[in-house]
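Engineer:
In structure tokens form, the structure reads like this:
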């Protein structure tokens with residue numbers, strides 16, 4: 001019986017270890033903010049495409065920085081104004097994206113840090129709220145479109 005208990009404990013330990021590893025890998029950035037900027041963000045933020053605030057432009061970034069790190073990062077990650085979700089890179093993790101945004105905000109005078117686990121959680125919660133609102137709005141629009149199609153038959 002003790003062999004089964006030991007085996008059960010060992011299996012349970014592996015499950016928890018795997019879960020902890022998966023959670024920690026979600027929180028770990030694979031790239032620096034500068035690397036993210038140079039590989040993703042620079043395409044728009046270097047020249048100001050679609051009114052993107054240019055890298056280092058304090059006046060353009062000031063109202064965005066004032067929104068707060070968690071709000072701006074979350075809204076940008078989901079997609080905001082002319083900016084596509086994840087900066088147009090579907091593979092970009094929230095942790096890496098957050099570092100890129102912090103890097104650009106720092107260059108424009110923001111006192112932002114690379115996100116820790118708590119800040120990433122706050123960003124994720126804010127992004128989730130924004131997505132939920134967007135989904136509800138899209139569902140409402142979809143219902144309206146279906147009524148129009150049905151009425152036109």
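Numbering (our numbering), first residue to last: 1 to 153.
All C-beta atoms in this analysis are idealised placements derived from N, C-alpha and C, irrespective of residue type, glycine included.
Note that this is a predicted model, so its numbers are computed, not measured.
(1) Report yes or no: do three or more beta-carbon pairs, one from the region 91–111 and one from the region 135–148, lie closer than 8 Å?
(2) List the whole-angstrom C-beta distance separating residue 119 from residue 69, where the pair is believed to meet the contact cut-off of C-beta under 8 Å.
(3) With DSSP as the reference, identify every bridge partner of residue 80, one or two as the case may be.
(4) Please identify the residue among 148, 86, 116, 62 whose C-alpha is closest to the C-alpha of residue 127.
(5) Tell me the DSSP secondary structure of residue 24 in three-state form.
(6) Within 10 Å of its beta-carbon, does residue 132 have 16 or more other beta-carbons around it, so buried, or fewer, so exposed?
(7) How is residue 30 classed by DSSP in three states: helix, strand or coil?
(8) Output the distance between the C-alpha atoms of residue 59 and residue 153, rounded to the nearest integer angstrom.
Structural biologist: Let's see:
(1) no
(2) By 1-based counting over the chain shown, the position of residue 119 is 119. By 1-based counting over the chain shown, the position of residue 69 is 69. Indeed, because the Cβ distance is near 7 Å, the residues count as touching under 8 Å.
(3) Locating residue 80 in the chain shown gives position 80, where the first residue counts as 1. Paired residue(s): 83.
(4) Numbered from its first residue, the chain shown carries residue 127 at position 127. Selected option, being the one with the closest Cα: 86.
(5) Indexing the chain shown from 1 puts residue 24 at position 24. Low confidence applies here, because residue 24 scores a pLDDT of 48, under 50, leaving its location unreliable; read the following figure in that light. Residue 24: helix per DSSP, three-state reduction.
(6) As a first step, residue 132 is located in the chain shown; it is residue number 132 there, counting from the start. The residue in question, residue 132, is exposed, as its Cβ has fewer than 16 Cβ neighbours within 10 Å.
(7) Within the chain shown, the letter at position 30 stands for residue 30. Here residue 30 sits in coil by DSSP.
(8) Within the chain shown, numbered from 1, the residue matching residue 59 stands at position 59. Within the chain shown, numbered from 1, the residue matching residue 153 stands at position 153. So the alpha carbons of these two residues sit roughly 53 Å apart.
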